[in-house]
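Student:
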Amino acid sequence: EDQVTQSPEALRLQEGESSSLNCSYTVSGLRGLFWYRQDPGKGPEFLFTLYSAGEEKEKERLKATLTKKESFLHITAPKPEDSATYLCAVQASGGSYIPTFGRGTSLIVHP
Amino acid sequence: EPEVTQTPSHQVTQMGQEVILRCVPISNHLYFYWYRQILGQKVEFLVSFYNNEISEKSEIFDDQFSVERPDGSNFTLKIRSTKLEDSAMYFCASSASQGNNEKLFFGSGTQLSVL
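Here the protein sequences line up with chains L and Z, keeping their order.
Note that our numbering gives residue 10 to position 23 of the first sequence, counting from 1, and the numbers run on in steps of one.
When you read off a place in the second sequence, starting at 1, and then add 6, the result is the number in our numbering.
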């Protein structure tokens, strides 16, 4: 069965303290890997799509990278407004295009 | 920027009652979805809908659930006889197509509480 595992479950950072979130996946083949941001009481908001090993995408303080088994979301010099839950979702090869979500990493950035 | 809108934002109901959750997808999108998220758990797929019919559903989407596109703009999820375990945040999403790397646009959700 396809699986998506995110770590850590929760992360507390000081403003300016860079770190990385991990998403590891076991699928028969990868169509695409998505990163979403979810604020409390809101729906997931799309950040990035990656689909081939070695690919990188950047947006402001966030950079997503992809290998054959995992993806990292690097947060450089985070600010309190980066506090949110970050979700990883994987779209596997095969008949279904429906992505499977991980449990997410809850990030809190203290001023 | 176009967005997916959901109503109501909160719904409280008694066990055994029927509820209808409403969504207005982004206007030029063709694929519609319902997901749910039980408190503290992951976002789970329920059903996808295209061309006025269900294209895929999960094992969660049993006979108690149904979806409908009653007009050109609304997309609804009906739960016929709610159970306590149906309490969750329900998200509607839409996408322009359904292929590799196609991103989903989510609404802000309906928090359903079954008492």
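For each residue, glycine too, the CB sits at the ideal point set by N, CA and C.
(1) From what residue to what residue does the beta strand (DSSP E) around Z:V4 run?
(2) To the nearest angstrom, how far is it from the Cα of Z:Q12 to the Cα of Z:Y56?
(3) Can you give me the C-alpha to C-alpha distance between Z:N34 and Z:E7, rounded to a whole angstrom?
(4) As an exercise, report each continuous alpha helix (DSSP H) stretch of at least 4 residues that is fully enclosed by the segment 39 to 78 of chain Z, in chain order.
(5) Which whole-angstrom value describes the C-beta separation of Z:W15 and Z:T82, a residue pair presumed to lie in contact below a C-beta threshold of 8 Å?
(6) Just to confirm before moving on: does the CB-CB distance between L:S5 and L:H97 stay below 9 Å?
(7) So, using beta-carbon positions, are L:G101 and L:V77 closer together than 9 Å?
(8) Rounded to a whole number of angstroms, what is the C-alpha to C-alpha distance between L:E45 and Z:Q20?
(9) Would you decide whether Z:D69 is buried or exposed? Buried here means 16 or more other CB atoms lie within 10 Å of its CB.
(10) Could you check what DSSP says for Z:L90 in three-state terms: helix, strand or coil?
(11) Any beta carbon of chain Z sitting closer than 9 Å to that of L:L74?
(12) Who are the neighbours of L:T(-5) on chain Z, taking C-beta pairs under 9 Å?
(13) Quick check on DSSP: helix, strand or coil for L:E68?
(14) For L:G19, which beta-bridge partners are listed by DSSP?
(15) Is the separation between the beta-carbon of L:L(-2) and that of L:I95 shorter than 9 Å?
(16) By the 10 Å Cβ neighbour count, where 16 or more other Cβ atoms means buried, how is L:L74 classified, buried or exposed?
(17) When we look at the beta-carbon of L:P27 and count the other beta-carbons within 10 Å, is it buried (16 or more) or exposed?
(18) Rounded to the nearest angstrom, how far is the Cβ of Z:P31 from that of Z:V53, given a contact under 8 Å?
(19) If Z:N106 sits next to L:G19, beta carbons under 8 Å apart, how far is it from one beta carbon to the other, in whole angstroms?
(20) By alpha-carbon positions, which one of L:K55, L:L53, L:E57, L:L49 ends up nearest to L:G3?
Tutor: So, from the listed chains and residues:
(1) The displayed coordinates of chain Z run from 7 to 121. Any statement about residue 4 of chain Z would go beyond what the structure contains.
(2) Taking the straight line joining both Cα atoms gives about 19 Å.
(3) Whole-angstrom Cα-Cα distance: 13 Å.
(4) The segment 39 to 78 of chain Z contains no complete alpha helix (DSSP H) run of 4 or more residues.
(5) Position check: residue 15 of chain Z holds Ser in this sequence, whereas Trp was assumed. Not really, about 16 Å apart at Cβ, beyond 8 Å.
(6) No, the pair does not count as a contact, with Cβ atoms beyond the cut-off.
(7) With chain L running from -12 to 98 in the structure shown, residue 101 of chain L is simply not present.
(8) Linking L:E45 to Z:Q20 through their CA atoms gives a straight-line distance of about 46 Å.
(9) It counts as exposed.
(10) Looking at Z:L90 - three-state DSSP - the assignment turns out to be helix.
(11) Residue-level contact check: L:L74 touches chain Z, since one or more beta carbons of chain Z fall below 9 Å from its beta carbon.
(12) The sequence shown places Pro at residue -5 of chain L, rather than the Thr named in the question. Chain Z residues near L:P(-5): none, gap ~15 Å exceeds 9 Å.
(13) It is helical.
(14) According to DSSP, which records beta bridges pairwise, L:G19 is partnered with L:Q78.
(15) Less than 9 Å separates the beta-carbon of L:L(-2) from that of L:I95.
(16) By the 10 Å Cβ count, L:L74 comes out buried.
(17) So L:P27 ends up on the exposed side.
(18) Contact flag wrong, Cβ pair sits at about 14 Å.
(19) Confirmed, about 6 Å.
(20) Answer by Cα proximity: L:L49.
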